[in-house]
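Trainee:
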Amino acid sequence: MAKRTARRAARRMQELVHYGEDSNVRRLFDEPQWSPLDDNKYDRQNQSRGQSDQKYRKNIRAQNDSQQKMLDAIDEVPLVFACGAAGTGKTYLAIAKAVEALDSGAVRRIILSRPAVEAGESLGFLPGDMEEKLSPYLRPLYDALCDRISSKRLKALMAEGVIEIAPIAYMRGRTLNNAYIVIDEAQNCTYGQLKMLLTRLGWNSSMVVTGDPAQSDLLPGMSGLSDVVNKLEALDNVRAIRFTREDVVRHPLVAEMIDAL
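Numbering-wise (the numbering used here), the sequence shown opens with residue 4 and increments by one.
#1: Tell me R248's beta-bridge partners as DSSP assigns them.
#2: Count the other CB atoms within 10 Å of the CB of E79; is the residue buried (16 or more) or exposed (fewer)?
#3: Please report the distance separating the alpha-carbon of L40 from that of L144.
#4: On the CB-based measure, 16 or more other CB atoms within 10 Å of its CB, does E163 come out buried or exposed?
#5: Given this structure, state the Cα-to-Cα distance separating D161 from N207, to the nearest angstrom.
#6: Are the CB atoms of Q190 and L222 within a distance shorter than 8 angstroms?
#7: Roughly how many whole angstroms lie between the Cα atoms of R151 and D262?
#8: Between R112 and V165, how many whole angstroms is the CB-CB distance? I'm expecting something under 8 angstroms.
#9: Quick one: grab the DSSP three-state call for I261.
#10: Run through the stretch 145-224 for me and flag every whole alpha helix (DSSP H) of 4 or more residues, listed as ranges in chain order.
#11: Taking Cβ positions, are A76 and D250 nearer each other than 8 angstroms?
#12: Can you have a look at D230 and say buried or exposed, based on whether 16 or more other CB atoms are within 10 angstroms of its CB?
#13: Between T178 and the ligand GTP, is there a pair consisting of the residue's CB and a ligand heavy atom that are separated by less than 7 angstroms?
#14: Which of helix, strand or coil does DSSP assign to A243?
#15: If the criterion is Cβ atoms closer than 8 angstroms, does the pair C86 and V241 meet it?
#16: Residues bridged to I114 by DSSP?
#17: Just verifying my parser: in three-state terms, what is the DSSP assignment at L82?
#18: Apply the 10 Å Cβ neighbour rule to P255 and answer buried if 16 or more other Cβ atoms are within range, or exposed otherwise.
#19: Using 10 angstroms around the beta-carbon of S219, count the other beta-carbons present and answer buried if the total reaches 16, otherwise exposed.
#20: Apply the 10 Å Cβ neighbour rule to G214 and answer buried if 16 or more other Cβ atoms are within range, or exposed otherwise.
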């Protein structure tokens, strides 16, 4: 009985130290609750759970033939078009190869760009400065980067200008040397905008253009992606990879909805 009382007193003292004497929060169980979001490993010797640091895979692996063709094309030619169905990993693969090129020293910087086009609804006048106004449009690029780079390193690289995320309006007049450029959601670019973007390519640079011509938010006939791809894919240093519903790597229902819609 005395030992049990002593253990309860010791546990009570630990709670007071951890939560504070005036706190009403009490531990319900001795062991911490497991969460599917936590990558924990059970330590049998200490009988406790230790939080492990999140790890980022340096190497990527193709999930199907189309993804492998895209990865091979990026390594072989300076300009690659990845067009086709949603959920096929076009943007993710492009950004993953960009990070890989930066880490290997093949390029000095990464430039990610996408058009600031609203998807069927008006967001009105967003508050904040220019960066805050554009943040909702560029968020998908941030998400893909955060899956390959830790947030701390990403902030440092962006502060140094090694990684730049910008709308296409900021690209005119630039020459992008020693860079890896990703143009995302290119189906929302007009023919003139794509011509301007493609001619930014400089020495020792690679460019990947991704988009789904079937999901353009522009008025019918304004998207220039299909026309540009059809004209340039005949060039020796240009590759066009077309993804279909069979290449979808999201939920299986996505492939079915593509056919139904």
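Quick reminder that beta carbons are idealized off the backbone N, C-alpha and C, glycines included.
Remember, predicted model here, so these are calculated numbers, not experimental data.
Mentor: By the coordinates alone:
#1: DSSP output for R248 lists no bridge partner at all.
#2: exposed
#3: Because L40 carries a pLDDT of 41, less than 50, the predicted location of this residue cannot be relied on, and no value is offered for it.
#4: exposed
#5: The question names Asp, yet the displayed sequence has Met at residue 161. Going from the Cα of M161 to the Cα of N207 covers about 21 angstroms.
#6: no
#7: 31 angstroms
#8: 5 angstroms
#9: helix
#10: 154-163, 194-201
#11: no
#12: exposed
#13: No copy of the ligand GTP appears in this structure; indeed no ligand is present at all.
#14: strand
#15: no
#16: E167, I184
#17: strand
#18: exposed
#19: buried
#20: buried
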